[in-house]
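Remarks on the structure that follows.
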Amino acid sequence: MLKTTLVKICGSTDLAHLYEHLFYDALVQFMTDRGLVSRLDYFIHGRAFAPGLIHFDIDLYTEEAQSIKNDLTEQRINTDDPSVAVALLQLMSENKTLFHGNKKIFEALAKVDEQPWQNLDLLNTLDLSAKIHDDPNINFNPTKEELITSTLKLTLSAEILEQKLTPLFIVVGRIILSNLENTLMDTYGYYAFGESGRKNSTSLGLSSLFRASSKHRLKLTEELSDCKETLEWLNGIDFANKAHRHLTSLNIHLPDELEIYDASKLLIGRIGWRNIATKSNIQKVLEAAKLNIKYNKEDQELELSQIFRN
Numbered sequence: 002m003l004k005t006t007l008v009k010i011c012g013s014t015d016l017a018h019l020y021e022h023l024f025y026d027a028l029v030q031f032m033t034d035r036g037l038v039s040r041l042d043y044f045i046h047g048r049a050f051a052p053g054l055i056h057f058d059i060d061l062y063t064e065e066a067q068s069i070k071n072d073l074t075e076q077r078i079n080t081d082d083p084s085v086a087v088a089l090l091q092l093m094s095e096n097k098t099l100f101h102g103n104k105k106i107f108e109a110l111a112k113v114d115e116q117p118w119q120n121l122d123l124l125n126t127l128d129l130s131a132k133i134h135d136d137p138n139i140n141f142n143p144t145k146e147e148l149i150t151s152t153l154k155l156t157l158s159a160e161i162l163e164q165k166l167t168p169l170f171i172v173v174g175r176i177i178l179s180n181l182e183n184t185l186m187d188t189y190g191y192y193a194f195g196e197s198g199r200k201n202s203t204s205l206g207l208s209s210l211f212r213a214s215s216k217h218r219l220k221l222t223e224e225l226s227d228c229k230e231t232l233e234w235l236n237g238i239d240f241a242n243k244a245h246r247h248l249t250s251l252n253i254h255l256p257d258e259l260e261i262y263d264a265s266k267l268l269i270g271r272i273g274w275r276n277i278a279t280k281s282n283i284q285k286v287l288e289a290a291k292l293n294i295k296y297n298k299e300d301q302e303l304e305l306s307q308i309f310r311n
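Heads up, the sequence shown is in our numbering, so the first residue is 2 and it goes up one at a time.
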């Protein structure tokens with residue numbers, strides 16, 4: 002695995018946070034265009050800190066992802082109206098506050114985007130008092146007005162599988178949910194804030210939780226349709242074979258063995274994954290899984306067997 006940490010600064014905490022969301026979206030799109038899968042080929046964690054620090058940890062698990070490491074700092078954010086509007090919705094959902102945009106935001110974002118990223122491994126000291134020249138200190142929420150938010154839940158479930166397939170369901174399910182999270186956040190501006198899992202006598206379930214603000218217009222048939230497109234993209238890049246190759250490689254980043262043990266009572270090492278993560282077993286997990294999206298009392302469901310056919 003290769004890990005890189007990128008940092009840059011700007012003159013406003015709010016602006017740093019908005020830029021962080023936009024750059025995250027740009028990185029995910031760059032990876033997706035190259036057939037790279039979140040939590041399988043790579044993982045991105047972006048954060049923003051006062052007074053204007055933008056910080057990205059990027060883990061590159063596979064050779065395909067590692068080959069484009071030097072291209073990451075060359076990516077540019079989208080500053081068109083729809084992209085910035087979605088990013089502002091993400092911030093509103095995350096902070097539960099109303100954010101206001103104006104034309105100065107676009108000028109400020111362009112200036113931040115022009116600043117070169119610094120690689121933390123090659124950095125001596127970063128002076129956070131060095132603001133970007135003429136950068137407006139934008140306050141997106143001068144009135145501190147709060148927003149009402151509610152929770153949208155995305156769940157991947159399956160009837161109880163044979164014991165050796167339970168760890169595979171957890172790993173494959175988390176990979177799939179991670180990519181669906183990116184789809185819903187980038188398309189609708191929801192904020193993914195948590196994960197949960199359940200196991201009972203009849204079924205297994207993994208869930209991702211999203212916060213939606215009162216500014217969102219939720220229509221679950223549309224959200225499910227976009228999730229289906231992402232699943233079809235995964236199927237189109239031969240996800241089952243890709244997951245098999247990477248999960249059985251001794252160089253791949255492996256899931257938390259204690260989380261797997263807690264759910265399956267199996268403690269699996271690297272050699273164990275070679276035996277479990279066969280393409281046929283991954284296909285069994287995909288064909289057994291159902292996707293459910295729920296908001297308040299409304300829900301929509303999709304069987305993955307409709308997409309991942311052997």
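The beta carbon of each residue, even a glycine, is placed where N, CA and C say it ideally should be.
What residues match up with residue i in a beta bridge as DSSP calls it?
i, result
"N293", "T156 and E302"
"F50", "L54"
"L7", "F57 and N120"
"A213", "S151"
"Y43", "S39 and L61"
"T98", "E147"
"L205", "A159 and K200"
Can you round the beta-carbon distance between residue i and residue j to whole angstroms, since I take them to be within the 8 angstroms contact cut?
i, j, result
"K220", "L148", "That pair is no contact at about 19 angstroms."
"A17", "I55", "5 angstroms"
"A289", "L248", "Contact flag wrong, Cβ pair sits at about 17 angstroms."
"K205", "F170", "For the sequence presented, residue 205 should be read as Leu rather than Lys. 6 angstroms between Cβ atoms; contact."
"S84", "L23", "7 angstroms"
"A111", "T80", "6 angstroms"
"T6", "L99", "Actually they are not in contact, since the Cβ atoms of T6 and L99 sit about 32 angstroms apart, beyond 8 angstroms."
"K280", "A241", "5 angstroms"
"K295", "K165", "So it is not a contact: roughly 30 angstroms between Cβ atoms."
"L292", "L303", "5 angstroms"
"L127", "V8", "6 angstroms"
"I45", "Y25", "6 angstroms"
"N183", "V29", "5 angstroms"
Taking the straight line between their C-alpha atoms, what separation do you get for residue i and residue j?
i, j, result
"Y20", "I59", "16 angstroms"
"L92", "Y192", "8 angstroms"
"M186", "W274", "31 angstroms"
"Y43", "E64", "10 angstroms"
"F50", "H245", "38 angstroms"
"S265", "S13", "46 angstroms"
"L305", "V172", "16 angstroms"
"Y262", "T167", "10 angstroms"
"L105", "G53", "The amino acid at residue 105 is misidentified as Leu; the sequence shows Lys. Between K105 and G53, the C-alpha separation is close to 17 angstroms."
"G47", "D300", "31 angstroms"
"K298", "L123", "51 angstroms"
"A27", "L41", "18 angstroms"
"K243", "S250", "11 angstroms"
"Q307", "T152", "27 angstroms"
"G237", "T188", "20 angstroms"
"L235", "S68", "20 angstroms"
"D72", "N311", "35 angstroms"
"M32", "C11", "25 angstroms"
"S208", "L178", "8 angstroms"
"D15", "G198", "33 angstroms"
"K70", "C228", "28 angstroms"
"P117", "D34", "23 angstroms"
"V113", "E146", "27 angstroms"
Buried or exposed, going by whether 16 or more other CB atoms sit within 10 Å of the CB of residue i?
i, result
"D135", "Low local confidence applies: a pLDDT of 45 at D135 is under 50, so the model's placement there is unreliable, and no value is given."
"G195", "exposed"
"A159", "buried"
"R212", "buried"
"H217", "buried"
"S226", "exposed"
"N180", "buried"
"N282", "buried"
"M2", "exposed"
"L90", "buried"
"D239", "exposed"
"E115", "exposed"
"A86", "exposed"
"L157", "buried"
"D257", "exposed"
"F107", "exposed"
"R175", "buried"
"S214", "buried"
"E230", "exposed"
"T203", "exposed"
"N103", "exposed"
"I272", "exposed"
State yes or no: is the beta carbon of residue i nearer than 7 angstroms to at least one beta carbon in chain D?
i, result
"R175", "This model lacks chain D altogether; it includes just one protein chain."
Comparing the CB of residue i with every heavy atom of the ligand COA, is any distance shorter than 6 angstroms?
i, result
"L153", "Absent from the structure shown: the ligand COA. Ligands present: none."
Jot down the residue ranges of each uninterrupted alpha helix (DSSP H) in the stretch 161-200, minimum 4 residues, whole runs only, in chain order. Within the stretch 161-200, the complete alpha helix (DSSP H) runs of at least 4 residues are 166-189.
Runs of alpha helix (DSSP H) wholly within the stretch 219-246 (minimum 4 residues, chain order): Correct list: 221-237.
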